[in-house]
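To start, the structure itself, in structure tokens.
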Amino acid sequence: MKRILVVDESRAVRETLGLILGREFIVVQRPLLPEDSLRRSELQADLVILGAPPRLGTEFSYLLNLASRLLCPILFILESKSDQRLFTSQERVDCLAKPFNPYELREKIVRLLTRPEPAQQALVTRSSEDRKAAEYLEYPFVPTSVSSLAKTYNLTQLPILIAGEAGCGQERIARSLHALRGTAGEWIAAYPAEETPDELFTSLAGFSRRKPRSAESFTLFIDRLEGLNRSSQAALLNFLQEEEERESSFWVVSTSYVDLLEKVYRGDFLGALYYRLATLMIRLPPLRQRVQDVPSLVGWFAEDYAERLDLGSVTFAPGAIERLCNYLWFGNLDEMELVIARTLATHRKGAIEASDLILDPGEEYPQPPSGEGEEALFAAREAGRKAIRIPSSEKNAESTRREPSKIVFSELKQLIHELAHELKNPMVTIKTFAQLLGERFNDETFRARFQQMVSSDIDRMDELLENIIEFSRFNEPAAQDIFIYEELSRVLEEIFPECFKKEATVRWLRKGEKERVFADANQLRYVLKNLLQSVLAQVKPGGEIQVGVEEEGKVAFTYLPEAERITGFAQYLEQDSLQKKEEALPLRILLAKVLLERNGGKVAVADIEGGKVLIRADLPVH
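Terminal number for the sequence shown in our numbering: 622, no gaps in between.
Rendered as structure tokens:
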């Protein structure tokens, strides 16, 4: 039997996958461990199923980098279907979004496990010239469906019309089609939008004179057919008819930026000419309809311009990719290429953040005088900064006006993301069991497991939503003097049954019975309960939670976590941004953090010696 390794931070997801696959495969499951190099296990596995940490977002380059290090295929479990749409599956790499269909899971696993071995794969060799010509017929420059259709059409001698909005790469595709045809002959181009009818007529007449019946074949490229007026349309139609009568060997490839058929219906374009040139049609979708392809296109253009600019490897941060995905791209591929080239040429660095992107030419830094090099560029940038410098008092006022909205948006974004993540994992279990219920209804063990896990997950979601509802009811804090030890003791009594279930013990390091804080009593109780429940969810089974009430309104919780989930993954991928603890806080701690800040306090999370985690809440004192 094939051996599958399941690595996911959620125990529910691991057990669900084990239940689905256990009959057909040997399934080994475990959480992601601190400083875990995965390689030791994967050397013995036929397939790895890895739950991508939610904070990874759409940074798929790291996932693909991970996949490239493994000897076996890998299936990533992603947080949402929107992430899945942005992910491009490859021969040895695939993905599935939560909550997933068990039958779809099986299909993907079978595909990955039955892939041909590298030694058995056919090798296709091309000259560098052919490879360069073919790149505009390949993904990601064009969608896979367009690539396949264009290559099929290229086997014929029939006229091809390439239609799409301005900037979709029509002429590049046409030149690639011509370059890949062994019998295409000379490339002859006409640009009606840039020529008068007389100039076009003269050009066509010249083509006709230089191509007698016995001449070699040629390719006639006509750009932007919509630029032809009525007389030019008639001239072109006559030319094509005469060349056919002379039995000339030629192939016509044309482009259009508008719907020519609509112009035919309106009487603005000759129907006979349209149907002659549009025998085969290649429609190019606008870039705003290819959001899932944007990360791949960014990487494709970046690789090209990084090589031209001698920058080495260039990566784009998740925020930069998100901004590019949300941009409307009215100039389509041409505009994206311009943005990538301009950004790399201006900043000349290997890691591009969202703030580095120059989407508007007006955002560019002043360019240095010719020949002055990088020193002049630096001086020009500094001059630009000084020219727009805001007076200190005005700048502080502006900062004060903007800061609250930024904080609120950041809090809301984090809360929504964490809520979605907390609900996704139990949804995976519930959906999977529901889909398998008909198939395994007579299995008594399955039914018992169904009742246990689904009931538990529904309770978990209900508790989570109740917690959110309670949070939403809080108004402005009604602060008063409170003995923190008394409130903390009450909360510990409330969660004692949960501690008992997990066999966790609580040890007081310092009680601080006389320490007082100045806060809203109900909100403080909510904060402490959420912090403790978050600790309890992460502490190692049978572990110890150390609690201390310190001076000046500080409360500390120390514990050894079951698995350092996010940090371990970040170390393996060498991604520094994921190691920022505040960006990976569980939902309960985020809620506590927001409420503490409303009361004038704050919360911090830090790693300490021995692999332990310290959560410290700073409460305001009177």
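Where a beta carbon is used, it is the ideal one built from N, C-alpha and C, also for glycine. Computed from a predicted structure; not experimentally measured.
- According to the DSSP assignment, Met453 belongs to the alpha helix (DSSP H) that extends over 444–472.
- For Ala556, the enclosing beta strand (DSSP E) starts and ends at 554–559.
- Residues Val6, Asp8, Gln29 of the same chain have their beta carbon placed closer than 7 Å to that of Arg14, with the five preceding and five following residues left out of the count.
- In this chain, Leu155 is not harboured by any beta strand (DSSP E), its DSSP state being neither H nor E.
- Setting aside the 5 residues that flank it on each side, Asp46 is surrounded in the same chain by Lys2, Arg3, Ile4, Cys72, Leu113, each with a C-beta closer than 7 Å to its C-beta; the list follows chain order.
- When the beta-carbon positions are compared, Arg175 and Tyr136 come within less than 9 Å of each other.
- Rounded to whole angstroms, the gap between the alpha carbons of Tyr275 and Phe330 is 29 Å.
- Counting C-beta atoms within 10 angstroms of its own C-beta, Lys501 has fewer than 16 neighbours from the protein chains shown and is therefore classed as exposed.
- Counting only runs of 3 or more residues that sit fully inside the region 227–263, the beta strand (DSSP E) segments are 250–256, in chain order.
- In the three-state reduction of the DSSP assignment, Cys72 falls in the coil class, being assigned neither a helical nor a strand state.
- Taking every protein chain shown into account, the CB of Val110 has fewer than 16 other CB atoms within 10 angstroms, so this residue is exposed.
- With 16 or more neighbouring CB atoms inside 10 Å of its own CB, Tyr485 falls in the buried class.
- Under DSSP, Val27 forms a beta bridge with Ile4.
- In this structure, Arg323 sits away from Ala351, with a CB-CB distance that is not shorter than 9 Å.
- Closest by C-alpha distance to Val621, out of Ile482, Ala12, Thr558, Val603, is Ile482.
- Its Cα nearest to that of Glu24, the residue Glu107 stands out among Glu107, Glu79, Ala67, Arg11.
- In the three-state scheme derived from DSSP, where H, G and I count as helix and E and B as strand, Ala179 is classed as helix.
- CA-to-CA, the gap between Leu531 and Tyr257 works out to about 59 Å.
- Between Thr429 and Ala12 the beta-carbon gap is near 5 Å, inside 8 Å, which marks them as a contact.
- Shown here, Gly167 sits in coil according to DSSP, grouped into three states, outside any helix or strand.
- If you compare the alpha carbons of Ala306, Asp268, Arg308, Pro561 with that of Ser232, the shortest gap goes to Asp268.
- Under the DSSP assignment, Thr346 falls in the alpha helix (DSSP H) whose first and last residues are 332–347.
- For a cut-off of 8 Å, the C-beta gap from Val506 to Leu492 is around 6 Å, short enough to register as a contact.
- Residue environment analysis places Gln289 among the exposed positions, since fewer than 16 neighbouring C-beta atoms fall within 10 angstroms of its C-beta.
- Ala592 is a Cβ neighbour of Ser534, given a cutoff of 9 Å.
- Each residue's CA atom was taken as its position, placing Pro192 and Thr346 some 36 Å apart.
- Taking all protein chains shown into account, Gln451 has fewer than 16 neighbouring C-beta atoms within 10 Å of its C-beta and is therefore exposed.
- The C-beta separation of Val252 from Ile222 comes to about 7 Å, placing the pair in contact by the 8 Å criterion.
- The C-beta of Arg588 has 16 or more other C-beta atoms within 10 Å across all chains shown, which makes the residue buried.
- Partner residues in the beta bridge of Gln546, as assigned by DSSP, are Arg507, Thr558.
- In the DSSP secondary-structure assignment, Phe221 is bridged to Ala189, Val253.
- Our two residues, Leu614 and Phe557, have alpha carbons roughly 6 Å apart in a direct line.
- The Cβ atoms of Met453 and Pro99 lie no closer than 9 Å to each other.
- Annotation for Gly51: the continuous beta strand (DSSP E) segment containing it runs 47–51.
- Between Glu186 and Thr219, the C-beta spacing is below 9 Å.
- Annotation for Ser249: Ser217 place their beta carbon closer than 6 Å to its own, counting only its chain and skipping 5 residues before and after.
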